[in-house]
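Some notes on the structure that comes next.
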Amino acid sequence: MTSTNLRTFIESIKAKPLIGILIISAFYFFGIIGILSNYSNWFIEKTAFNLSLSFIILLIYQEKYSWSLLWSFSFCFLIGFLAEYLGVNFGLIFGNYIYPDTLGPQIGGVPIIIGVNWFLITFCVASLIFPLKWNSILKIIFATILTVLIDVLIEPVAMELNFWNWENDQVPFQNYVGWAVISFLIFCFYYFIKLQIKNEVAKVLLIWQVVFFAILNLLLIS
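Residue numbering for the sequence shown follows our numbering, starting at 14 and increasing by one per position.
See below:
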């Protein structure tokens, strides 16, 4: 496929956001079903693939591509990955924890996909909060709080599914403080460079992330 044909194909898909919404919905829905089934290990092993697919779909349905989008992803990936590296190797920022090999290839003990996941969560949260007619500081603070609350949902499920393991199997309060600090910096950067978020699937992806971890908390952890 030539670059022109590829561009045409992407534009045709982009014009039909329902396709992206259905793909994301199907993957998260069947992910929940699969993890709760006897084939849970197979579905858990596909987590990195699911996150990668979500990232690609999110990019496809971004209305406009710009340098601010590239800088946003780069900053988010780097600060998120660096924070995780310091946490895994030195117990800084989040506390003492390790990543097994569940989430795929690693650098310095941190799965590469984790940097992408930081962008997925913060970009989707920003797509919900930033368009609101609020004071800029209030939007950044509220986006930060929402991101931390999402992590509250994620942590018990992540440990149960062996995404990462905390020392003594306890999530320290330091982790949530760390999430607040890193998220706050990311949202400040998004706002500072005036990231334009016009994305038909971002809010749907955010909803499915919340639904995914909420249901697994109820049915897997309880």
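Cβ coordinates follow ideal geometry from the N, Cα and C atoms, glycine included.
Bridge partners - residue i, DSSP secondary structure assignment
{"i": "Pro124", "result": "Gln119"}
{"i": "Ile150", "result": "Note: Ile150 sits in no beta bridge, so no partner."}
{"i": "Gln222", "result": "According to DSSP, which records beta bridges pairwise, Gln222 is partnered with nothing at all."}
{"i": "Gln75", "result": "Asn212"}
Simplified DSSP assignment, three categories, for residue i
{"i": "Ile69", "result": "helix"}
{"i": "Trp179", "result": "strand"}
{"i": "Asn109", "result": "coil"}
{"i": "Asn212", "result": "strand"}
{"i": "Ser81", "result": "helix"}
{"i": "Asp114", "result": "coil"}
{"i": "Tyr98", "result": "helix"}
{"i": "Leu174", "result": "coil"}
Identity of the residue in the options nearest residue i by Cα
{"i": "Gln209", "options": "Trp80, Trp177, Trp221 and Ser25", "result": "Trp80"}
{"i": "Ile142", "options": "Trp131, Leu166 and Ala156", "result": "Ala156"}
{"i": "Ile134", "options": "Asn109, Val217, Ile34 and Val101", "result": "Val217"}
{"i": "Gly104", "options": "Gly191, Val224, Ile199 and Lys59", "result": "Gly191"}
{"i": "Ile167", "options": "Leu233, Tyr204 and Phe197", "result": "Leu233"}
{"i": "Tyr202", "options": "Glu58, Leu83 and Asn63", "result": "Contrary to the premise, residue 202 reads as Phe rather than Tyr in this sequence. The candidate whose alpha carbon is nearest that of Phe202 is Leu83."}
{"i": "Trp55", "options": "Val170, Phe43 and Leu66", "result": "Phe43"}
{"i": "Met172", "options": "Tyr74, Ile57, Glu24 and Tyr41", "result": "Ile57"}
{"i": "Val184", "options": "Asn175, Ile195, Pro169 and Leu174", "result": "Pro169"}
{"i": "Pro118", "options": "Phe62, Ile69 and Ser67", "result": "Phe62"}
{"i": "Asp114", "options": "Leu174, Ile220 and Leu229", "result": "Leu174"}
Residue i to residue j span [Cα, whole Å]
{"i": "Leu231", "j": "Ile45", "result": "12 Å"}
{"i": "Tyr189", "j": "Ile26", "result": "38 Å"}
{"i": "Gly47", "j": "Ser149", "result": "41 Å"}
{"i": "Phe132", "j": "Ile111", "result": "21 Å"}
{"i": "Trp177", "j": "Val123", "result": "10 Å"}
{"i": "Val224", "j": "Leu35", "result": "15 Å"}
{"i": "Ser65", "j": "Ile199", "result": "20 Å"}
{"i": "Lys207", "j": "Thr60", "result": "31 Å"}
{"i": "Ile195", "j": "Phe40", "result": "28 Å"}
C-beta contact flag for residue i and residue j at 8 Å
{"i": "Ile127", "j": "Gln222", "result": "no"}
{"i": "Val129", "j": "Phe90", "result": "yes"}
{"i": "Phe107", "j": "Gly100", "result": "yes"}
{"i": "Leu31", "j": "Ala215", "result": "no"}
{"i": "Tyr78", "j": "Asn212", "result": "no"}
{"i": "Lys152", "j": "Leu145", "result": "yes"}
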